[in-house]
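Asks: Numbering (full-length UniProt numbering), first residue to last: 1 to 570. Backbone N, C-alpha and C define an ideal beta-carbon position, used for all residues, glycine too. All values derive from a computational prediction rather than experimental measurement.
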Ligand code: ARG
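(1) Near residue 355, which residues of its chain fall below 7 Å by C-beta distance, leaving aside the five closest residues on each side in sequence?
(2) Quick one: is the Cβ of residue 335 within less than 6 Å of any heavy atom of ligand 1?
(3) Measuring from the CB of residue 325, is there a heavy atom of ligand 1 at a distance below 6 Å?
(4) Does the beta-carbon of residue 119, which I'm using as the reference point, lie nearer than 6 Å to any heavy atom of ligand 1?
(5) If you follow the beta strand (DSSP E) that residue 155 is in, where does it begin and where does it stop?
(6) Nearest to residue 420 by alpha carbon, out of 432, 409, 198 and 389?
(7) Quick test of the definition: if touching needs 3 or more C-beta pairs under 8 Å, does the stretch 472-480 touch the stretch 532-548?
(8) Sort 113, 252, 232 and 206 by Cα distance to residue 159 and report the nearest one.
(9) Measure the C-alpha to C-alpha separation of residue 207 and residue 197 and round it to an integer number of angstroms.
(10) Between the alpha carbons of residue 288 and residue 332, how many angstroms are there, rounded?
(11) Less than 7 Å between the beta carbons of residue 107 and residue 458, yes or no?
(12) Quick check: is any heavy atom of ligand 1 less than 6 Å from the C-beta of residue 315?
(13) Could you tell me which residues DSSP pairs with residue 39 in its beta bridges?
(14) Taking a contact to mean a Cβ-Cβ separation below 7 Å, would you say residue 492 touches residue 516 in this structure?
(15) Sort 162, 367, 16 and 2 by Cα distance to residue 434 and report the nearest one.
(16) Return the first residue and the last residue of the beta strand (DSSP E) that residue 279 is part of.
(17) With DSSP run on the structure shown, which of helix, strand or coil describes residue 432?
(18) At what residues does the beta strand (DSSP E) containing residue 303 begin and finish?
(19) Nearest chain C C-beta to residue 58 closer than 7 Å, yes or no?
(20) Once you ignore the five residues that flank residue 521 on each side, which residues in its own chain have a CB closer than 6 Å to its CB?
(21) For residue 152, which residues of its own chain have a beta-carbon under 8 Å away from its beta-carbon, when the five flanking residues on both sides are left out?
(22) When the Cα atoms are used, what is the spatial distance from residue 43 to residue 82?
(23) Among 542, 18, 506 and 204, which residue has its Cα nearest to the Cα of residue 330?
(24) I need the boundaries of the beta strand (DSSP E) containing residue 361, first residue and last residue.
(25) Counting along the chain, where does the alpha helix (DSSP H) carrying residue 170 start and finish?
(26) Here's a check: name, in chain order, each residue in its chain whose Cβ is nearer than 7 Å to the Cβ of residue 142, leaving out the five neighbours to either side.
(27) Expressed to the nearest angstrom, what Euclidean distance is found between the alpha-carbon atoms of residue 92 and residue 557?
(28) Given the structure, does residue 259 come close to ligand 1, in the sense that its CB is under 6 Å from one of the ligand's heavy atoms?
(29) Tell me the DSSP secondary structure of residue 566 in three-state form.
(30) Helix, strand or coil for residue 531, going by three-state DSSP, please let me know.
(31) Give the DSSP bridge partners of residue 309, in chain order.
(32) To the nearest angstrom, how far is it from the Cα of residue 508 to the Cα of residue 205?
(33) Identify the continuous alpha helix (DSSP H) that holds residue 330 and give its terminal residues.
(34) What do you reckon, are the CB atoms on residue 261 and residue 317 nearer than 7 Å?
(35) Buried or exposed, going by whether 16 or more other CB atoms sit within 10 Å of the CB of residue 470?
(36) What three-state label does DSSP hand residue 105 in the structure shown?
Laid out in structure tokens, this is it:
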């Protein structure tokens, strides 16, 4: 289905062509204030500026050629030259009717479907998955879901950190300090403990440092014992990660850790050198970016003087692999902002290697504790993701018990899970990804404001209307009418679901979807207060019921695209 935005933009384009202004592609956007109509266009202002003309006059000229009387009341000129559109009640009713009957809720497939690799979550083995990874995991997952819904072909790839210098310490610790019982009870915690213990012991002990480094070299050279230990740590860590992914309902199409690219690193470096992309400098093989001022002093090192490979080397090999095996149009990396330089470097290097896929670093800021510093446990360690999720469920259990003490116990546990996990995800997704946000239990579990429980509750309240009906209701058979202001406002919002989703992918901003759903819920409450539903006469009653049903479907589907479920009661 074409959206209102697209439809008005098309009509505007024809008017511009007819008026002799064919050199711009006009944009139509929803207005922020209903006094200025429902949609507006700024084309006249842009044109007037280009041609040094009076914008209101240009607007008047455009309007003369504008044929929209099946969509909107006569367009008006406002302010410095905006063209405003007020949608006709019949047009809104017809559209709502169509959306009610549409399984896709009015959302079209992308006209340019692409194949996209999304690199997200990517925790490190023998290190805990901390709340920093939560941002990558949750943002990445929602981008995957939205891209798929819009008809793109997505390969979700978890690039786990299963190969790195940490393994020297882990293997040494494993050989000297491992407690098997502890390992069975708490695998990641134990591995992290070994890592920390060796890390601390090494600090003032050069001899130990050397031994630890030798363990790493042995692993890299394929020593059987060290390799077996490494394998076990990967297996144990992955099992823990999987528990978290299961809880969060997150799935990957590929889990190709850094280790998968090991054998490709040496030949890659040779090729880079042979092709003149990299050069040896002070013994290390480097890729220089002399033509880019801010990178002039910052080469990417791909092979150290001692022959060791680095994070950048692995990432370049990974890009080659992805291009060769999947031939994607784009690769999206959902990774924290501190890695911006790394991605800038490897993207430039990949270009030189002839990679034409679009490479995007989708960065994000930090999660702060209530003291506004990077969130840490009392012991000063980064907070484990599993602890956060368990606490969310626990706290939600208390909230649900208080709100609805009559719920049967088994329902209560399931609902608390849905609310707790939804709250954590929504908190993440309702922020602009670059914002450092304060993690507040109270705020995220509140039933007021822009929160998951508020939206879930809006859904539950709509569903409860339908439970009061004497007979099953079929929204598709209702004739929708849109007369009251509150009905208009709701019908317009419902149509905007299709407009918001492509925008989310334009700049990777799931918060646009969250804000949309929040506004939808508010608009719905306004409608429900102003317009009686069950108590009104037919055919208005059925029309309003159909609007209620559509609101619930969009709330559920929209939250679903964020990986958040809706309970039927709460
Ligand atoms: N494992 C890395 C970390 O925890 C993130 C990897 C991101 N993906 C990539 N292709 N570099 O920092």
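Replies: In short:
(1) Excluding sequence neighbours, residue 355 sits near 319 and 323.
(2) Taking the Cβ of residue 335 as the reference point, at least one heavy atom of ligand 1 falls within a distance shorter than 6 Å.
(3) It does not: the Cβ of residue 325 is nowhere closer than 6 Å to a heavy atom of ligand 1.
(4) At least one heavy atom of ligand 1 is nearer than 6 Å to the Cβ of residue 119, so yes.
(5) Looking at the DSSP string, the run of the beta strand (DSSP E) that includes residue 155 is 153-157.
(6) A check of alpha carbon separations from residue 420 across 432, 409, 198 and 389 identifies 389 as the nearest.
(7) Yes: at least three Cβ pairs fall under 8 Å.
(8) Residue 252 is the option with its Cα nearest to residue 159.
(9) Taken atom to atom, the span from the alpha-carbon of residue 207 to that of residue 197 is near 16 Å.
(10) Residue 332 has its alpha-carbon roughly 24 Å from the corresponding atom of residue 288.
(11) No, the pair does not count as a contact, with Cβ atoms beyond the cut-off.
(12) Flag set: Cβ of residue 315 near ligand 1.
(13) Answer by DSSP bridge pairing, in chain order: 30 and 85.
(14) Result no, Cβ atoms of residue 492 and residue 516 do not sit closer than 7 Å.
(15) Selection 162, 367, 16 and 2 evaluated against residue 434 yields 367 as nearest (Cα-Cα).
(16) Secondary structure note for residue 279: its beta strand (DSSP E) is the uninterrupted segment 279-281.
(17) In the three-state DSSP reduction, residue 432 falls in the coil class, being neither helix nor strand.
(18) That run of the beta strand (DSSP E) goes 300-303.
(19) In the displayed structure, chain C is absent; only one protein chain is listed.
(20) The answer, listed in chain order, is 455 and 458.
(21) Excluding sequence positions up to five before and after residue 152, its CB lies within less than 8 Å of the CB of 110, 113, 114, 115 and 116, all in the same chain and listed in chain order.
(22) Separation of residue 43 and residue 82 (C-alpha to C-alpha, rounded to the nearest whole angstrom) is 8 Å.
(23) Selection 542, 18, 506 and 204 evaluated against residue 330 yields 506 as nearest (Cα-Cα).
(24) For residue 361, the enclosing beta strand (DSSP E) stretches over residues 358-362.
(25) Run containing residue 170: 166-177, per the alpha helix (DSSP H) assignment.
(26) Closer than 7 Å at Cβ, skipping near neighbours: 429, 510, 561, 562 and 563.
(27) Straight-line Cα distance between these residues: approximately 21 Å.
(28) The beta carbon of residue 259 sits no closer than 6 Å to any heavy atom of ligand 1.
(29) It is coil, neither helix nor strand.
(30) Residue 531 falls in the coil class under three-state DSSP.
(31) As a beta-bridge residue in DSSP terms, residue 309 pairs with 303.
(32) Rounded to whole angstroms, residue 508 and residue 205 show a C-alpha spacing of 47 Å.
(33) Looking at the DSSP string, residue 330 is not in any alpha helix (DSSP H); the run it does join, the beta strand (DSSP E), is 330-334.
(34) Residue 261 is a Cβ neighbour of residue 317, given a cutoff of 7 Å.
(35) Exposed, by the Cβ-count rule.
(36) Correct three-state label for residue 105: coil.
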